[in-house]
């Protein structure tokens, strides 16, 4: 799949995706500012998929989820769809 960069200049951090399709799974990493998530779950296909990334923060896990689709060779991830789970908030 390759690498992608998502950016919105209105108070949103730049997000980098380094993804690889491994059979029916998507693997790789997601970086948002200083946070680095490993893709641990994926489901769906090119028409629509969900990625789940996990980052360890001491003894807790931070989780982020993105939804997107593959259009030709382009990765489409609508801005503002990331869902973050932080057990401390």
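Residue numbers (our numbering): 17 to 105.
C-beta atoms are modelled at their ideal positions from N, C-alpha and C, and glycine is treated no differently.
Name the DSSP bridge partner or partners of residue i?
i          : result
residue 39 : Looking at the DSSP assignment, residue 39 forms no beta bridge with any residue, so it has no partner.
residue 69 : 55, 80
residue 64 : 61
Can you tell me whether residue i is helix, strand or coil according to DSSP?
i          : result
residue 76 : strand
residue 30 : coil
On the DSSP letters alone, give me the boundaries of the beta strand (DSSP E) that residue i sits inside.
i          : result
residue 88 : Neither: residue 88 is in no beta strand (DSSP E) and is coded neither H nor E.
Hey, residue i and residue j are a contact pair by Cβ (cut 8 Å); roughly how many whole angstroms apart?
i          : j          : result
residue 46 : residue 80 : 7 Å
residue 70 : residue 91 : Their Cβ separation, rounded to whole angstroms, is 20 Å, which puts residue 70 and residue 91 out of contact at 8 Å.
residue 57 : residue 68 : 4 Å
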